[in-house]
Amino acid sequence: MRGKPRFGRLASVVALGLALATAPAAHAKKKDGDEAVSFDKDPYPSTYKAYPGRPTALVGATVYDGRGKRIDNGTVLFSGGKVVAVGGADLAIPADYDRIDGTGKFVTPGVVDAHSHLGDYASPGVDASSDGNEATSPTTPDVWAEHSVWPQDPGFSRALTNGGVTSLLILPGSANLMGGRSVMLKNVPAITVQQMKFPGAPYSLKMACGENPKRVYGSRGMKPSTRMGNFAVNRQTWIDAKAYMEGDHSERDLGNETLEGVLKGEILVQNHCYRAEEMALVLDMAREAGYKVTTFHHAVESYKVADMLREADVCSAVWADWYGFKMEAYDGIPENAALIANAGACVVIHSDDQNGIQRLNQAAAKAQAAGRRMGIDIPDAQVISWFTYNAAKASGVADKTGSLEEGKMADVVLWNGDPLSVYSRPEKVWVDGAMLFDADNPKLRPVSDFELGQPGEGDVK
Amino acid sequence: MKRILALTAALGALACPLAASAQNIAITNATLAKGDGSEPVEGASVVVQNGKVVAAGVGIALPAGIETVDGTGKWVTPGLYSALTDLGLWDVQAVGDSNDTAADESPFNASLDVVPALNPSSQHIAVSREGGVTRASVTPHPGNSIFSGQGALIDLGADAAIVDNARAFQFVVLGETGARLAGGSRVASQVVLRNALREAKALVGTPAGAERASDAMLTHADAAALGPVVKGEQPLYVMAERASDIRAVLALKSEFPALKLVLVGATEGWLVAPEIAASGVPVITAPMRDLPEQFEVLGSTQSNIGRMVQAGVKVAIGMFAGDNQPRWATEQAGNMVALTRMPGATGLTWAQAFAAITSIPAEISGMGGKDGGKTEGVLAPGAVGDVVLWDGDPLELSSAPVSVWIDGVKQPFDSHQARLRERYQNLDRTYMPKAYDW
Numbered sequence: 001m002r003g004k005p006r007f008g009r010l011a012s013v014v015a016l017g018l019a020l021a022t023a024p025a026a027h028a029k030k031k032d033g034d035e036a037v038s039f040d041k042d043p044y045p046s047t048y049k050a051y052p053g054r055p056t057a058l059v060g061a062t063v064y065d066g067r068g069k070r071i072d073n074g075t076v077l078f079s080g081g082k083v084v085a086v087g088g089a090d091l092a093i094p095a096d097y098d099r100i101d102g103t104g105k106f107v108t109p110g111v112v113d114a115h116s117h118l119g120d121y122a123s124p125g126v127d128a129s130s131d132g133n134e135a136t137s138p139t140t141p142d143v144w145a146e147h148s149v150w151p152q153d154p155g156f157s158r159a160l161t162n163g164g165v166t167s168l169l170i171l172p173g174s175a176n177l178m179g180g181r182s183v184m185l186k187n188v189p190a191i192t193v194q195q196m197k198f199p200g201a202p203y204s205l206k207m208a209c210g211e212n213p214k215r216v217y218g219s220r221g222m223k224p225s226t227r228m229g230n231f232a233v234n235r236q237t238w239i240d241a242k243a244y245m246e247g248d249h250s251e252r253d254l255g256n257e258t259l260e261g262v263l264k265g266e267i268l269v270q271n272h273c274y275r276a277e278e279m280a281l282v283l284d285m286a287r288e289a290g291y292k293v294t295t296f297h298h299a300v301e302s303y304k305v306a307d308m309l310r311e312a313d314v315c316s317a318v319w320a321d322w323y324g325f326k327m328e329a330y331d332g333i334p335e336n337a338a339l340i341a342n343a344g345a346c347v348v349i350h351s352d353d354q355n356g357i358q359r360l361n362q363a364a365a366k367a368q369a370a371g372r373r374m375g376i377d378i379p380d381a382q383v384i385s386w387f388t389y390n391a392a393k394a395s396g397v398a399d400k401t402g403s404l405e406e407g408k409m410a411d412v413v414l415w416n417g418d419p420l421s422v423y424s425r426p427e428k429v430w431v432d433g434a435m436l437f438d439a440d441n442p443k444l445r446p447v448s449d450f451e452l453g454q455p456g457e458g459d460v461k
Numbered sequence: 001m002k003r004i005l006a007l008t009a010a011l012g013a014l015a016c017p018l019a020a021s022a023q024n025i026a027i028t029n030a031t032l033a034k035g036d037g038s039e040p041v042e043g044a045s046v047v048v049q050n051g052k053v054v055a056a057g058v059g060i061a062l063p064a065g066i067e068t069v070d071g072t073g074k075w076v077t078p079g080l081y082s083a084l085t086d087l088g089l090w091d092v093q094a095v096g097d098s099n100d101t102a103a104d105e106s107p108f109n110a111s112l113d114v115v116p117a118l119n120p121s122s123q124h125i126a127v128s129r130e131g132g133v134t135r136a137s138v139t140p141h142p143g144n145s146i147f148s149g150q151g152a153l154i155d156l157g158a159d160a161a162i163v164d165n166a167r168a169f170q171f172v173v174l175g176e177t178g179a180r181l182a183g184g185s186r187v188a189s190q191v192v193l194r195n196a197l198r199e200a201k202a203l204v205g206t207p208a209g210a211e212r213a214s215d216a217m218l219t220h221a222d223a224a225a226l227g228p229v230v231k232g233e234q235p236l237y238v239m240a241e242r243a244s245d246i247r248a249v250l251a252l253k254s255e256f257p258a259l260k261l262v263l264v265g266a267t268e269g270w271l272v273a274p275e276i277a278a279s280g281v282p283v284i285t286a287p288m289r290d291l292p293e294q295f296e297v298l299g300s301t302q303s304n305i306g307r308m309v310q311a312g313v314k315v316a317i318g319m320f321a322g323d324n325q326p327r328w329a330t331e332q333a334g335n336m337v338a339l340t341r342m343p344g345a346t347g348l349t350w351a352q353a354f355a356a357i358t359s360i361p362a363e364i365s366g367m368g369g370k371d372g373g374k375t376e377g378v379l380a381p382g383a384v385g386d387v388v389l390w391d392g393d394p395l396e397l398s399s400a401p402v403s404v405w406i407d408g409v410k411q412p413f414d415s416h417q418a419r420l421r422e423r424y425q426n427l428d429r430t431y432m433p434k435a436y437d438w
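For the record, the sequence lines run as chains F and H. Just so you know, my numbering puts 271 at position 271 of the first sequence, and the rest follows in order with no gaps. Just so you know, my numbering puts 323 at position 323 of the second sequence, and the rest follows in order with no gaps.
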């Protein structure tokens with residue numbers, strides 16, 4: 001959570017890498033070199049299986065491949081859950097493929113949200129379902145977001161049907177400096193979390209700088225209560241983690257196992273950080289401790305240091321134009337994403353919001369438009385990557401989804417118009433080649449257990 | 001653009017001359033959306049003189065010698081009317097010292113009046129103005145009572161005068177929030193509300209100097225503030241989401257027939273749309289809710305507005321409080337149009353959607369030109385000179401205002417955000433620090 005007050009009283013009234021996954025037991029060595037402790041690094045493995053799909057040819061639509069390419073009157077072929085080929089109108093279509101006419105429509109990769117709390121902060125947002133922040137200690141690298149996810153959260157289906165979201169990174173909240181591990185999910189209706197877990201996705205460690213940790217713990221009269229306190233606790237924790245890493249691992253320590261994974265480069269770092277000077281300090285801390293920041297989230301001031309972020313090869317996950325809700329958002333500007341992109345740094349449009357996740361495409365369009373008005377003209381095909389390929393990259397799964405390329409997961413959205421227009425919505429959505437939403441088929445809309453028998457069940461929403 | 005009394009405004013330019021910078025201006029050859037529910041027309045002109053619209057349409061004669069702005073390729077519309085904002089009441093939501101939206105610990109509630117707190121220099125006003133918002137209603141948020149207090153109507157002109165109408169409505173919250181504030185249940189909130197209205201009614205009828213009943217619970221100030229409400233002189237905005245809560249609101253009229261009700265929220269309004277329509281009570285709501293975020297909104301759907309409108313309910317898009325920014329009104333209206341292309345969904349036509357963020361909220365606020373109000377939210381002869389020139393379809397994500405006039409006065413584009421954009425458009429720090437770049 002971005003750690004702001006609820007939408008105002010008015011409105012409230014308003015993974016481990018593939019290598020690791022296939023090598024379940026890790027072996028640490030004692031100082032004397034003997035094999036000592038072995039444990040399963042993937043004890044809650046993905047049981048996700050792609051749902052059945054039919055070999056499909058999308059023809060005649062404008063295709064954005066998610067990596068900056070636009071094909072007019074394009075053809076996208078997928079079969080067996082994988083993208084088979086992407087090309088022009090002349091691409092040969094095998095005989096057994098279903099043909100879907102996309103004339104006047106658009107095709108993009110499945111949308112990826114690099115920052116979601118669906119399932120951890122589910123709807124309805126009652127205290128009993130508030131499972132996103134283990135706000136009991138400034139550092140909780142031992143907790144795993146997947147252990148909080150409620151798969152029946154109706155938010156998943158809205159993200160799918162309105163937003164074309166086919167995978168999403170669930171992060172623990174930002175009350176803590178180190179909030180715990182993420183879980184990457186495929187956006188499929190499921191009974192268990194493991195049935196949603198994105199196969200082969202790496203884990204990430206969620207970190208937060210700035211106002212949230214100091215507010216949450218400072219208000220309890222404990223450390224950290226200041227930004228310098230934030231850094232002190234973080235640095236000491238990294239120093240301790242390094243000592244643990246070099247130790248004999250005779251006793252398991254869940255928190256240090258996560259931090260060791262980060263220091264070894266097996267676990268990515270997703271760092272909630274708004275302000276320019278704090279991002280710079282975090283990059284120095286990462287250098288000092290020996291890890292890499294993958295993405296700064298909520299990076300509303302990235303535009304001030306976009307060159308530094310380009311050099312550091314760090315993505316900025318941003319909203320289009322959220323503004324002023326907290327002090328560290330006071331310098332947010334709608335041109336942020338465009339300025340970051342213009343400097344050659346990586347832009348991701350993220351949601352951190354159960355409503356915003358339904359319209360990541362619209363947020364990207366707004367951000368593009370703000371840039372255009374100041375003379376930065378970013379092609380539509382590149383803007384699409386802000387909520388597809390770049391988001392997948394920021395989440396550590398760009399080799400598997402986020403673009404329409406041969407051999408990648410057939411996560412595909414057919415839009416009923418230009419996805420950068422307010423007037424457009426997903427018409428059909430495929431996850432691993434399985435059609436899980438079809439606007440023209442009322443039965444192809446997921447209804448969660450919670451919604452059964454409730455007002456509006458199965459409504460188009 | 002001071003508007004303390006409707007009377008003053010009625011006397012017009014002679015009695016109350018507008019600021020010297022008011023321009024006589026004509027915008028020509030633009031696509032015109034009047035805001036009144038009519039479809040946009042191309043090749044139109046708008047003429048503003050002495051702070052008022054004097055003509056808007058195709059083929060109108062321009063006054064000789066008037067300054068003209070070429071609207072070719074652009075859209076011209078009335079300024080957006082933003083219903084139920086907290087504009088001017090906070091700078092940073094999470095910084096309590098800057099936030100005057102709610103008075104959680106005040107002994108007064110219904111008598112609270114936002115006017116003295118309104119800050120015309122708030123960045124949120126500037127940013128909203130740059131987004132095409134020219135008028136708004138401002139409401140206090142619930143504090144420690146179901147009565148939040150009295151809201152005001154404002155204009156967003158870049159000057160010190162902000163209030164168009166003070167004490168324009170009273171805000172009361174029912175549903176889950178009201179239940180909590182009233183002591184823990186909807187049962188209690190109904191009693192608190194009805195008791196307060198009865199006390200107000202009694203006070204209205206009490207001879208000057210006479211004592212109130214010994215069991216009066218409201219402060220004198222709060223009971224007095226509710227007098228205009230029970231007399232029907234001041235609208236009572238009631239927040240309710242669940243279908244059953246909406247029915248309970250409509251039922252208030254049986255005991256207090258003079259009440260001038262406005263429903264706020266009404267997320268499950270589609271479930272009781274015929275009843276709302278029959279009551280004639282208008283609705284101000286947020287259009288994009290489609291999640292059961294509380295138990296009182298289990299029936300939420302983006303088709304709520306479309307279904308209510310089809311049933312004959314007058315619905316404005318509003319509730320731009322907290323972090324729901326007023327400048328997002330166009331995007332939200334556009335999404336209502338998008339629904340018309342989704343099988344099974346009910347949306348709004350473009351013209352209906354645009355009216356829902358211009359003339360309809362103005363009418364609900366009492367500024368629609370009826371009931372002695374002013375004519376806001378439309379481009380029509382006699383309307384206030386609030387004009388926005390857009391670089392494209394105003395509901396489309398790629399579009400934004402090019403120019404904004406309020407009461408005929410051209411508005412600046414120089415918010416904190418705009419200045420940051422200018423400062424950081426390049427990152428060259430070679431010669432001087434950025435701090436000298438202003």
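Note that CB positions come from ideal geometry on N, CA and C, so glycine has one too.
>> Let me check one thing: in DSSP terms, what residues is F/V429 bridge-paired to?
In response: F/V413, F/F437
>> For a quick check, are the C-beta atoms of F/A159 and F/Q358 less than 8 Å apart?
In response: yes
> Is the CB-CB distance between F/D65 and F/V84 below 8 Å?
Replying inline: no
> According to the neighbour-count rule (16 or more other Cβ atoms, all chains shown, within 10 Å of its Cβ), is H/R242 buried or exposed?
Replying inline: buried
>> If we require 4 or more residues per run, which alpha helix (DSSP H) segments fall completely within the stretch 128-211 of chain F?
In response: 155-163
> With 16 as the cutoff for other CB atoms within 10 Å, does H/A430 come out buried or exposed?
Replying inline: In the sequence as presented, Ala is not what sits at residue 430 of chain H; that position holds Thr. Exposed is the call here.
> Relative to chain F, which residues along the stretch 300-320 of chain H have a C-beta separation below 8 Å, given in chain order?
Replying inline: S300, T301, Q302, S303, M319
>> Runs of 3 residues minimum, wholly inside the stretch 59-110 of chain F: which ones carry the beta strand (DSSP E) assignment?
In response: 70-79, 82-87, 98-101, 106-109
> Which residues bound the alpha helix (DSSP H) around F/N234?
Replying inline: 227-246
>> Here's the rule I'm using: 16 or more other beta-carbon atoms within 10 Å means buried, otherwise exposed. How should H/P394 be labelled?
In response: buried
> From this set, F/F325, F/A175, F/R215, F/T294, which residue's C-alpha is nearest F/C346's C-alpha?
Replying inline: F/T294
>> Does the stretch 22-35 of chain H come into contact with the stretch 60-78 of chain H, if we say contact requires no fewer than three beta-carbon pairs (one atom in each stretch) closer than 8 Å?
In response: yes
> H/E233: which of H/A351, H/Q170, H/T358 sits nearest, CA to CA?
Replying inline: H/Q170
> Where do the N-terminal and C-terminal ends of the beta strand (DSSP E) with H/G366 fall, by residue?
Replying inline: From DSSP, H/G366 is part of no beta strand (DSSP E); its letter is neither H nor E.
> Below 8 Å between beta carbons: does that hold for F/V111 and F/V413?
Replying inline: yes
> Terminal residues of the continuous beta strand (DSSP E) containing H/F147?
Replying inline: 147-155
>> Quick check on DSSP: helix, strand or coil for H/G12?
In response: Reliability of the predicted coordinates at H/G12 is poor, the pLDDT of 40 falling under 50, and the value obtained from them is presented with this limitation in mind. In this structure, H/G12 counts as helix in the three-state DSSP scheme.
> Just checking, does the stretch 174-190 of chain H make contact with the stretch 242-257 of chain H on the three C-beta pairs under 8 Å criterion?
Replying inline: yes
> Excluding the five sequence neighbours on either side, which residues of its own chain have a C-beta within less than 6 Å of the C-beta of H/P412, listed in chain order?
Replying inline: A158
> Under a three-way DSSP split, which group does H/I360 fall into?
Replying inline: helix
>> Mapping the DSSP letters down to three states, classify H/N195 as helix, strand or coil.
In response: helix
> Measuring CA to CA, which of H/G132, H/T134, H/E130, H/G151 is closest to H/P140?
Replying inline: H/G151
>> Bridge partners for H/K99 per DSSP, in chain order?
In response: The amino acid at residue 99 of chain H is misidentified as Lys; the sequence shows Asn. In the DSSP output, where bridge partners are listed per residue, H/N99 has H/W90.
> When DSSP labels each residue in this structure, what does F/G261 get in the three-state scheme?
Replying inline: helix
>> Is there a C-beta anywhere in chain F that falls below 8 Å from the one on H/R247?
In response: no
> Do H/V283 and H/A258 have their C-beta atoms closer together than 8 Å?
Replying inline: no
> Under a Cβ-count criterion, where at least 16 other Cβ atoms within 10 Å of its own Cβ denotes burial, should F/I239 be classed as buried or exposed?
Replying inline: exposed
> Expressed to the nearest angstrom, what Euclidean distance is found between the alpha-carbon atoms of F/K292 and F/G221?
Replying inline: 31 Å
> In angstroms, rounded to a whole number, what distance separates the CA positions of F/L168 and F/K186?
Replying inline: 7 Å
> Which residues in the same chain have their Cβ closer than 6 Å to the Cβ of F/S448, if we skip the five residues on either side of it in sequence?
Replying inline: Q152, P154
> Straight-line CA distance for H/N324 to F/T136?
Replying inline: 30 Å
> Which chain H residues sit within Cβ distance under 9 Å of F/G210?
Replying inline: The contacting residues do not exist; F/G210 stays about 12 Å from chain H at best.
>> Going by DSSP in three states, F/H350 sits in which element: helix, strand or coil?
In response: coil
>> Could you check whether the Cβ of H/A22 sits closer than 8 Å to any Cβ belonging to chain F?
In response: no
> What do you reckon, are the CB atoms on F/R235 and F/S204 nearer than 8 Å?
Replying inline: no
>> To the nearest angstrom, how far is the alpha carbon of F/S148 from that of H/T72?
In response: 55 Å
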